[in-house]
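Count the sequence shown with my numbering and you get residues 132 to 237, in order. So the structure is just underneath, and the comments pick up after that.
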Amino acid sequence: DRLRITPDFPEEYRFVIGQKTGQGTLNPKTLKIFIELCKKIRYISENDKPILLKNPSDFSNFIYIKEVFPNAKFIFIHRNPIKTLNSQIRAMRTLLKNKSEYMALL
Numbered sequence: 132d133r134l135r136i137t138p139d140f141p142e143e144y145r146f147v148i149g150q151k152t153g154q155g156t157l158n159p160k161t162l163k164i165f166i167e168l169c170k171k172i173r174y175i176s177e178n179d180k181p182i183l184l185k186n187p188s189d190f191s192n193f194i195y196i197k198e199v200f201p202n203a204k205f206i207f208i209h210r211n212p213i214k215t216l217n218s219q220i221r222a223m224r225t226l227l228k229n230k231s232e233y234m235a236l237l
């Protein structure tokens, strides 16, 4: 919500892999693009922090992700559905209105 998207921002990767593959979840078809995304984030972030990504669409897919990335850590959160919907609408309006140089690199 009106936050600047940078390499240190928790990335919602479904937009990036969805744009390249037509699928917004992590699966065998999108895995190569996802790994490429992580490498790009690591390269431009210039730090040794873990990469923090988010994708609500992959909530039910965490078992597959854990199989592919056994050292991955998961954080499950719960938000008020109405506030979440309002936040998503604002985010989409912002994304459509303002181009992000960072997102364009990915």
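Glycine included, each C-beta is placed from N, C-alpha and C at the ideal position.
(request) Taking the CB atoms as reference points, tell me whether Tyr144 and Leu168 lie closer together than 8 Å. (result) Taking the first residue of the sequence shown as position 1, residue 144 is located at position 13. Taking the first residue of the sequence shown as position 1, residue 168 is located at position 37. Their beta carbons are under 8 Å apart, which means Tyr144 touches Leu168 by this criterion.
(request) Provide the residue span of the alpha helix (DSSP H) that contains Pro212, from first to last. (result) As a first step, residue 212 must be located in the sequence shown, where it is residue number 81. Start and end: Pro212 to Lys228.
(message) Under 8 Å: do the stretch 157-171 and the stretch 192-208 share three or more Cβ pairs, one atom per stretch?
(response) yes
(message) Closest to Ile166 by C-alpha separation, out of Asn178, Lys151, Glu177 and Asp179, would be which residue?
(response) By 1-based counting over the sequence shown, the position of residue 166 is 35. If we check each option's Cα against that of Ile166, Lys151 comes out closest.
(request) Report, in whole angstroms, the separation of the C-beta atoms of Arg173 and Ile182, which I expect to be a contact under 8 Å. (result) One-based indexing of the sequence shown puts residue 173 at position 42. One-based indexing of the sequence shown puts residue 182 at position 51. With 8 Å as the limit, Arg173 and Ile182 qualify as a contact, their Cβ atoms being about 6 Å apart.
(request) Identify the continuous alpha helix (DSSP H) that holds Thr152 and give its terminal residues. (result) Against the sequence shown, residue 152 aligns to sequence position 21. Start and end: Arg145 to Thr152.
(request) Could you tell me how far apart the beta carbons of Ile175 and Thr161 are, in whole angstroms, since I believe they sit closer than 8 Å? (result) On the sequence shown, position 44 is the one that residue 175 refers to. On the sequence shown, position 30 is the one that residue 161 refers to. Wrong, their Cβ atoms sit about 21 Å apart, outside the cutoff.
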